[in-house]
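Number of protein chains: 2
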Amino acid sequence: MGKNLTSREEDYSKWYNELVTKADLAENSGVRGCMVIKPYGYAIWEKMQAQLDKMFKETGHKNAYFPLFIPKSYFSKEASHVDGFAKECAVVTHYRLKNAEDGSGIVVDETAKLEEELIVRPTSETIIWDTYRRWIQSYRDLPLLINQWANVVRWEMRTRLFLRTSEFLWQEGHTAHETKTEAIEEAEKMMNVYAEFAETFMAIPVIKGTKTASERFAGALETYCIEALMQDGKALQAGTSHFLGQNFAKAFDVKFANKEGKQDYVWATSWGVSTRLMGALIMTHSDDNGLVLPPNLAPEQVVIVPIYRNEEQKSAIAVVANQIKMLLNKNNISVNFDNRDTYKPGWKFNEYELKGVPVRLAIGPNDLENKTVELSRRDTLTKETIPLDTVLEVIQTTLDLIQKNLYERALNYRNTHITNVDNYTDFKNLLETKGGFLSAHWDGTAETEEKIKEETKATIRCIPIENTLESGICIYSGKPSTQRVLFAKAY
Amino acid sequence: MGKNLTSREEDYSKWYNELVTKADLAENSGVRGCMVIKPYGYAIWEKMQAQLDKMFKETGHKNAYFPLFIPKSYFSKEASHVDGFAKECAVVTHYRLKNAEDGSGIVVDETAKLEEELIVRPTSETIIWDTYRRWIQSYRDLPLLINQWANVVRWEMRTRLFLRTSEFLWQEGHTAHETKTEAIEEAEKMMNVYAEFAETFMAIPVIKGTKTASERFAGALETYCIEALMQDGKALQAGTSHFLGQNFAKAFDVKFANKEGKQDYVWATSWGVSTRLMGALIMTHSDDNGLVLPPNLAPEQVVIVPIYRNEEQKSAIAVVANQIKMLLNKNNISVNFDNRDTYKPGWKFNEYELKGVPVRLAIGPNDLENKTVELSRRDTLTKETIPLDTVLEVIQTTLDLIQKNLYERALNYRNTHITNVDNYTDFKNLLETKGGFLSAHWDGTAETEEKIKEETKATIRCIPIENTLESGICIYSGKPSTQRVLFAKAY
Chain V
275 MGKNLTSREE DYSKWYNELV TKADLAENSG VRGCMVIKPY GYAIWEKMQA
325 QLDKMFKETG HKNAYFPLFI PKSYFSKEAS HVDGFAKECA VVTHYRLKNA
375 EDGSGIVVDE TAKLEEELIV RPTSETIIWD TYRRWIQSYR DLPLLINQWA
425 NVVRWEMRTR LFLRTSEFLW QEGHTAHETK TEAIEEAEKM MNVYAEFAET
475 FMAIPVIKGT KTASERFAGA LETYCIEALM QDGKALQAGT SHFLGQNFAK
525 AFDVKFANKE GKQDYVWATS WGVSTRLMGA LIMTHSDDNG LVLPPNLAPE
575 QVVIVPIYRN EEQKSAIAVV ANQIKMLLNK NNISVNFDNR DTYKPGWKFN
625 EYELKGVPVR LAIGPNDLEN KTVELSRRDT LTKETIPLDT VLEVIQTTLD
675 LIQKNLYERA LNYRNTHITN VDNYTDFKNL LETKGGFLSA HWDGTAETEE
725 KIKEETKATI RCIPIENTLE SGICIYSGKP STQRVLFAKA Y
Chain X
275 MGKNLTSREE DYSKWYNELV TKADLAENSG VRGCMVIKPY GYAIWEKMQA
325 QLDKMFKETG HKNAYFPLFI PKSYFSKEAS HVDGFAKECA VVTHYRLKNA
375 EDGSGIVVDE TAKLEEELIV RPTSETIIWD TYRRWIQSYR DLPLLINQWA
425 NVVRWEMRTR LFLRTSEFLW QEGHTAHETK TEAIEEAEKM MNVYAEFAET
475 FMAIPVIKGT KTASERFAGA LETYCIEALM QDGKALQAGT SHFLGQNFAK
525 AFDVKFANKE GKQDYVWATS WGVSTRLMGA LIMTHSDDNG LVLPPNLAPE
575 QVVIVPIYRN EEQKSAIAVV ANQIKMLLNK NNISVNFDNR DTYKPGWKFN
625 EYELKGVPVR LAIGPNDLEN KTVELSRRDT LTKETIPLDT VLEVIQTTLD
675 LIQKNLYERA LNYRNTHITN VDNYTDFKNL LETKGGFLSA HWDGTAETEE
725 KIKEETKATI RCIPIENTLE SGICIYSGKP STQRVLFAKA Y
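Protein chains in written order, with the working numbering: chain V, 275 to 765; chain X, 275 to 765.
In structure tokens form, the structure reads like this:
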């Protein structure tokens with residue numbers, strides 16, 4: 275049963291690209307660097323959105339919507355912010371097309387040039403903080419806890435489906451607070467929300483940490499992150515949460531009257547996760563047979579494939595299949611009963627393996643007689659025959675087991691791929707062989723960080739939150755260091 | 275209790291603008307023609323989205339996501355389509371900013387000019403049909419029933435919050451079918467879905483009909499629509515569904531092998547509703563005291579306002595209020611218990627009236643003694659005192675009554691504002707006095723339609739689906755006509 279899927283060992287990158295396309299998740303569009311998210315991929319994203327949205331609302335946030343376009347002058351108000359994004363901005367300069375005078379087709383109407391160029395948002399701090407100036411007058415207006423689901427554009431030269439695209443979908447939280455402490459607490463809280471989401475729903479273990487100064491978000495004083503490890507030993511930043519200090523409040527003059535009646539600038543955070551999470555989900559669990567989805571995010575948790583030789587068998591099986599489907603649906607388990615005549619059972623087995631459906635039930639004439647069904651797990655590819663009257667109970671248990679197993683498997687891989695390294699030679703060797711996170715002493719300077727990156731392509735992924743301090747010497751400079759940090763090559 | 279809201283009679287347009295801002299629904303942004311949808315407005319839009327999305331999925335549609343940008347060459351492939359949208363397109367011409375050499379700030383980097391300009395989607399037919407060419411090979415791939423939730427941009431010179439903005443949020447369905455009949459059925463089905471949504475959830479009665487050729491969507495063979503009537507006698511197009519024939523299939527070469535193995539172009543529809551519906555919702559039901567929301571779309575269906583003079587009363591009331599809240603929540607009724615000390619009861623009454631919360635409960639010390647609560651209806655502004663132990667039952671009934679009353683009230687207004695008119699003098703008079711829909715004979719020519727529009731600003735809103743044929747003479751040209759059509763001034 276060939277899926278014509280390149281194996282991970284053969285070419286991990288090719289495996290990923292083929293899988294994304296063949297499992298009907300996404301494809302490249304005719305627009306450079308922009309993807310089409312196909313219905314099956316989008317259904318997974320919708321499940322992720324729904325859960326995240328719930329978690330944001332439970333932590334007191336409300337959704338709103340801000341403009342797609344940002345006037346160039348806004349964009350320039352926070353100096354380090356514009357430096358960070360200027361090189362990858364899509365710029366709108368005109369607002370009309372017309373027929374070319376020489377009849378050669380449609381051209382830009384040069385008389386419809388904007389007085390001020392508009393930037394397609396790469397992130398919305400500037401337009402939002404321009405708005406917050408009108409919304410915030412007093413401490414009574416704080417905290418202001420807003421989230422936005424939106425598309426953003428960052429002009430990328432090298433793109434890969436989900437992982438790095440010029441346009442992507444994301445959510446961006448933007449909050450305003452009375453005090454520095456409260457803002458830092460918010461930034462940390464949202465890092466924790468992201469970590470909980472990644473571990474509980476995506477079944478992806480993550481390391482919580484802070485970024486070094488050079489890896490921080492443009493305009494942030496501190497960037498918190500969650501870092502995951504992919505099966506090829508490369509790290510992936512799965513979400514970031516920024517403490518922005520008073521930088522944007524000062525740039526956009528957002529002051530409030532505090533309880534003592536004094537004017538002060540407000541304190542800010544922003545935080546986001548994107549369709550990049552789809553890439554992490556795919557790469558963490560999938561195998562050479564295709565996608566593997568955690569039950570908590572699978573659009574279809576169970577597929578039922580009937581196996582029959584004639585119409586009579588087909589109808590008899592359909593009765594049982596529909597009963598199972600109803601029973602499972604009633605218990606909030608999503609089921610696809612694929613009763614199509616146009617495809618054979620073998621084709622269907624293959625298809626749903628490729629698409630990562632967690633549990634497959636097959637029902638044939640023998641099962642009818644014996645009152646059984648055959649149950650297959652996508653994560654372990656194991657099969658068992660179970661009595662029909664235990665189907666709900668077994669499936670509930672199995673879905674839980676799969677969710678746990680995927681997490682445990684990923685955690686085990688991740689934990690065996692964090693290696694303590696104490697010299698630069700080992701560091702370089704391990705990076706090229708085993709990969710994964712390398713926990714090493716670093717002297718804390720941007721120069722050393724930059725040199726290591728230049729020479730090995732490894733970056734400091736984070737300074738783990740739960741780090742123990744220990745004195746040591748920097749693997750690169752030999753200077754003293756107070757703690758290990760995590761290096762890795764990364765997506 | 276002044277809301278400082280201009281009355282509808284005094285200045286309807288000003289009333290609308292003030293209401294949208296004061297009820298915290300939306301506001302203008304610093305970007306020309308683009309609005310900020312504030313959390314309360316967005317919460318209503320989310321409820322609308324959730325319901326529409328459910329209805330689309332129940333009718334077999336799946337969501338997907340296509341690029342924000344459309345290459346200029348795609349846009350030009352369907353001739354009437356580009357004619358319809360070219361004059362209002364935001365055009366991306368560059369992909370980088372840089373620091374000006376003279377130190378004057380950030381400027382567009384002229385070396386980063388795109389080879390082909392990108393249009394910010396005003397609608398996605400072209401990019402989607404370019405994709406469908408890859409997705410559709412055989413009749414097995416049909417019907418293809420896809421919906422997209424997205425932002426779109428149409429450069430508008432005169433904008434109004436929700437009603438006409440340069441950027442707006444919407445959904446756009448794009449379907450592909452084997453036969454003409456099936457495509458027409460789909461276009462009609464979605465018009466019916468929109469009508470059901472408008473009437474059942476928004477409590478807005480609508481007239482289903484088709485557009486005249488000159489009012490059709492650019493590229494459509496038939497445009498179905500639902501038309502609503504606002505309180506100032508102007509019509510509002512609340513949703514459209516287009517039968518596109520094979521126009522886009524031909525422009526993008528989308529063919530399929532039919533059951534006989536022959537190649538044929540597929541048949542298409544597209545359909546959409548947008549944040550414009552928010553404008554319709556606001557204008558249909560609201561009054562001089564503020565917003566009036568139908569319970570089916572209110573983010574908070576019930577607000578509880580405690581009335582107390584001391585801390586002891588406050589705590590005693592809070593116990594009861596929280597019991598009510600839990601009871602209602604358990605029965606899927608959303609409740610806001612506003613226990614803030616920072617605002618007085620009068621201020622709160624005013625605020626929730628302005629925000630259109632359907633039911634308000636007030637609980638004071640006397641109510642505690644008598645085991646009662648005071649219940650106020652936002653639609654009728656009536657109050658009654660009810661026994662505490664009937665609160666769930668009474669609120670359930672009241673919410674139903676409000677939903678029905680709003681619909682009936684709007685239906686009554688709409689029905690008394692459809693006037694048969696048989697000559698052009700009456701037509702012009704009625705348009706300036708009573709307004710509403712004018713049902714008049716029309717000779718069927720674009721010339722007459724255009725003349726009437728020029729002279730009176732009235733357009734043909736639709737040819738109602740449930741029209742009875744009757745012979746008559748055109749009010750403008752005196753030529754023979756076979757049916758009446760509905761004229762109105764419109765948003």
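Think of the CB as a built atom: it goes at the ideal place given N, C-alpha and C, for glycine as much as any other residue.
Since this is a predicted model, take the numbers as computed values, not measurements.
Proximity to residue i [Cα-Cα], best of the options
{"i": "A360(V)", "options": "L565(V), E473(V), V427(V), Q422(V)", "result": "V427(V)"}
{"i": "I676(V)", "options": "T486(V), V576(V), A487(V), I747(V)", "result": "V576(V)"}
{"i": "I637(V)", "options": "V593(V), N679(V), P417(V)", "result": "V593(V)"}
{"i": "S755(V)", "options": "T742(V), L299(V), Y617(V), Y539(V)", "result": "T742(V)"}
{"i": "I749(V)", "options": "T707(V), I739(V), A764(V), K702(V)", "result": "K702(V)"}
{"i": "M557(X)", "options": "A364(X), E585(X), P479(X)", "result": "P479(X)"}
{"i": "K296(X)", "options": "N694(X), E470(X), G379(X), L565(X)", "result": "L565(X)"}
{"i": "M464(X)", "options": "T484(X), E301(X), E728(X)", "result": "T484(X)"}
{"i": "A494(V)", "options": "K604(V), G358(V), N603(V), V547(V)", "result": "G358(V)"}
{"i": "I598(V)", "options": "Q587(V), N694(V), N610(V)", "result": "N610(V)"}
{"i": "L443(V)", "options": "F530(V), G315(V), T449(V)", "result": "G315(V)"}
{"i": "F530(X)", "options": "F475(X), T664(X), Y406(X), G752(X)", "result": "Y406(X)"}
Backbone CA spacing between residue i and residue j [nearest angstrom]
{"i": "N278(V)", "j": "H691(V)", "result": "29 Å"}
{"i": "I344(X)", "j": "I607(X)", "result": "43 Å"}
{"i": "V446(V)", "j": "R438(X)", "result": "Note that residue 446(V) is Glu in the sequence shown here, rather than Val. Cα-Cα distance, rounded: 26 Å."}
{"i": "G304(V)", "j": "I401(X)", "result": "8 Å"}
{"i": "A714(X)", "j": "V294(V)", "result": "57 Å"}
{"i": "E390(X)", "j": "A525(V)", "result": "35 Å"}
{"i": "M275(V)", "j": "N624(V)", "result": "Any reading at M275(V) must be qualified, since the residue scores a pLDDT of 43, below 50, and its modelled position is unreliable; no value is offered."}
{"i": "W541(V)", "j": "A461(V)", "result": "11 Å"}
{"i": "E459(V)", "j": "P417(X)", "result": "51 Å"}
{"i": "S281(V)", "j": "Q505(V)", "result": "12 Å"}
{"i": "N466(V)", "j": "I481(V)", "result": "10 Å"}
{"i": "E728(X)", "j": "G513(X)", "result": "25 Å"}
{"i": "C308(V)", "j": "R550(V)", "result": "13 Å"}
{"i": "K604(V)", "j": "K763(V)", "result": "46 Å"}
{"i": "Q587(V)", "j": "F340(X)", "result": "42 Å"}
Where the beta strand (DSSP E) containing residue i begins and where it ends
{"i": "T514(V)", "result": "509 to 519"}
{"i": "V759(X)", "result": "758 to 762"}
{"i": "I481(V)", "result": "481 to 484"}
{"i": "K529(V)", "result": "529 to 531"}
Residue i CB to nearest heavy atom of the ligand MG below 6 Å
{"i": "V633(X)", "result": "Ligands displayed in this structure: none; no statement on the ligand MG is therefore possible."}
Element boundaries [alpha helix (DSSP H), containing residue i]
{"i": "E470(V)", "result": "454 to 474"}
{"i": "R240(V)", "result": "Because chain V here runs from 275 to 765, residue 240(V) falls outside it and cannot be looked at."}
{"i": "G620(X)", "result": "619 to 628"}
{"i": "V566(X)", "result": "From DSSP, V566(X) is part of no alpha helix (DSSP H); its letter is neither H nor E."}
Quick one: which residues of the stretch 515 to 540 of chain V get their C-beta closer than 7 Å to a C-beta of chain X? List them in chain order. none
Counting only Cβ-Cβ distances shorter than 8 Å, please list the residues of the stretch 426 to 446 of chain X near chain V, keeping chain order. V427, W429, E441, L443
Beta strand (DSSP E) runs contained entirely in the stretch 702 to 729 of chain V, provided each spans 3 or more residues: 711 to 715
At what residue ranges does the stretch 631 to 678 of chain X contain a whole run of the beta strand (DSSP E), taking only runs of 3 or more? The qualifying runs are 633 to 637, 646 to 651, 657 to 661.
Can you pull out the residues from the stretch 336 to 350 of chain X whose beta carbon lies closer than 9 Å to at least one beta carbon of chain V? K336, N337, A338, Y339, F340, P341, L342, F343, I344, P345, K346, S347, Y348, F349, S350
Mind checking the stretch 391 to 410 of chain V against chain X and listing, in chain order, the residues whose C-beta falls within less than 8 Å of any C-beta there? For the stretch 391 to 410 of chain V, which is checked against every Cβ of chain X, the residues closer than 8 Å are E391, L392, I393, V394, I401, D404, T405, R408.
Unbroken stretches of the beta strand (DSSP E), 3 residues or longer, contained in the stretch 366 to 441 of chain V: 371 to 373, 380 to 382, 387 to 394, 418 to 427
What are the residues in the stretch 290 to 315 of chain X lying within 7 Å of chain V by C-beta distance? Cβ contacts with chain V: S303, G304, V305, C308, V310, I311, K312, P313.
Taking only runs that begin and end inside the stretch 280 to 318 of chain V, name each unbroken alpha helix (DSSP H) of 4 or more residues, in chain order. 286 to 296
The stretch 563 to 577 of chain V: positions lying closer than 8 Å to chain X by Cβ: none
Using a Cβ-Cβ cutoff of 9 Å, what residues of the stretch 360 to 377 of chain X are near chain V? List them in chain order. Here the close residues are A360, K361, E362, C363, A364, V365, V366, T367, H368, Y369, R370, L371, K372, N373.
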